[in-house]
Structure formats: structure tokens, C-alpha cells
Amino acid sequence: MSLWQKLVITILTMLVAGFVAGLIWGNIFDVTMPSYLAGMAGGLAAILIWELLKKVVIRESMLSKWSLSFMLITIIALYFIVGVQPDALADSGSIDPRINNLYEHLGQTKSIGIFTKLSIKNNTARLNKSFAAHHQGKRPPNIKELRERYDLMVQEMMILVQGKDPELAREIYEVRLLLWSYLSDPEKYKLI
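Per my numbering, the very first residue in the sequence shown carries number 15; after that it's consecutive.
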């Protein structure tokens, strides 16, 4: 096998293992780690496992390369067949726990003072009333205006906390689209 063929196989192995690791990491363990980091970790783990298998299993000819490939493909296929649905909680009529965790973290953080928290609470209540009016058919506000106000509020909150609580800023950033999906959808909005 030439060096180029080994390189292509290694890259393909990294991509497949990285993709599967990203899915498993995000769905089963429900970790908010970005999927590209999980992909890189999965790719590195796949290379290490592959090298170990080549030295231990394949050289001793307990398994052929084809049977090893078949086992890997079977494992990946089984994951997709029996895989965890990421939106299972949202579809079951309950709010996603990441949103509740964000609210709890915002209430407990020491990175902003009590008056800032009260201001955020008032701004959130006003925005929430605007969403309620929108879902009842009252115009204005339209969805574009609500999105602009929502994005501005999220950006302001991230700026407020990023210096002293970067974990909370990251959590706000990661949950912002999920929260928007609840606010903008009339059915999901009822859950909030």
C-alpha cells in the first residue's frame, strides 16, 4: 500500500469516526462540547485504535482487514438504526433541559450584580410579552423585528458575562438558537 493510499484511508477514517463521535458525544452524553472538537477527538481515537488493531489483531491474522472493516461499518449502521433522537425531549411536550440549565446558571452567576439581573429579567419579560402578542396575531411586532431584538439581547448578555463567567457566555451562545426555536414557534412557545 502506497503512502497516498494510507493517507486517504487515514483521513476517511478520521472523518467517519469524527462524525460518529460527534453524534454519540452530543446525543448520548448530552455534552455541549462543539461537534468539531468531538470530531477531532473521535478522529484521533480512531487513528489510535486503528494502529493498535493493526499491530495486535491484523498482524496475528485473527481478523482480516475486510472483516474488521465490516465490523466497523456494522457498528456505525447500528448506531444510526437505534440512534438517540436529539429532539426527543422537545417533541414529548417538555422544554429542553439546556434552557432550564441556562436560566439556573444566569440566576446563580456572580459575574453580574443584582440590579443587572433585575434589568435582564425586565427586558426578558418585555420581549416575552412581544412574542405572546405576535403569537396571538397582533402586528407589530413581526418575526424579523423580534429576531433583531432577541439577537441584541443575547449579544448584550454575552458581553456582560464573558469577562467573569466565560462558561456562561459559551452556554448562552450554544443555547441561543434552541431558545429562538421555542420563542418563534407558537406550539413550542406554550412550553416556556
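Ideal Cβ placement from N, Cα and C applies to all residues, glycine included.
Everything numeric in this text was worked out from a predicted model, so none of it was measured.
Just to check my reading of the structure: Y187 and M172 have Cβ atoms closer than 8 Å, yes? What is that Cβ distance to the nearest angstrom? Working through the sequence shown from its first residue, we reach residue 187 at position 173. Working through the sequence shown from its first residue, we reach residue 172 at position 158. Contact holds; Cβ gap of about 6 Å.
Tell me the rounded alpha-carbon separation between A146 and R163. On the sequence shown, residue 146 is found 132 positions in, with the first residue counted as 1. On the sequence shown, residue 163 is found 149 positions in, with the first residue counted as 1. C-alpha separation (whole angstroms): 14 Å.
Run the CB neighbour count on E185, radius 10 Å, all protein chains shown included, and call it buried at 16 or more, exposed below. Walking along the sequence shown from the start, residue 185 turns up at place 171. Burial call: buried.
Between S108 and V22, what straight-line distance do the alpha-carbon atoms span, to the nearest angstrom? Position 94 of the sequence shown, counted from the start, is the residue given in the question as residue 108. Position 8 of the sequence shown, counted from the start, is the residue given in the question as residue 22. When rounded, the distance between both Cα atoms is 45 Å.
Would you tell me roughly how many angstroms separate the C-alpha atoms of K202 and I128, rounded to the nearest one? Sequence index remark: in the sequence shown, residue 202 carries index 188 (1-based). Sequence index remark: in the sequence shown, residue 128 carries index 114 (1-based). Cα to Cα, the separation comes out at about 30 Å.
Mapping DSSP to helix, strand and coil, what is D255? Limits of the chain in this structure are 15 at one end and 206 at the other, which puts residue 255 out of reach.
For S198 and Q19, I'd like the C-alpha separation in whole angstroms. Within the sequence shown, the letter at position 184 stands for residue 198. Within the sequence shown, the letter at position 5 stands for residue 19. Cα to Cα, the separation comes out at about 49 Å.
List the endpoints of the continuous alpha helix (DSSP H) containing K143. Here residue 143 refers to the residue found at position 129 when the sequence shown is read from its first residue. Segment 128 to 149, the alpha helix (DSSP H) holding K143.
Buried or exposed: where does L191 fall if 16 or more other Cβ atoms within 10 Å of its Cβ makes it buried? Taking the sequence shown and counting its residues from 1, the one referred to as residue 191 is at position 177. Flag for L191 reads exposed.
Report the option in G177, K204, V175, T138 whose CA atom is closest to the CA atom of L160. Translated into positions along the sequence shown, residue 160 becomes position 146. The residue with the shortest Cα to Cα distance from L160 is T138.
Range of the contiguous alpha helix (DSSP H) that encloses N114: For the purposes of this step, residue 114 is taken as the residue at position 100 of the sequence shown. Residues 111 to 122.
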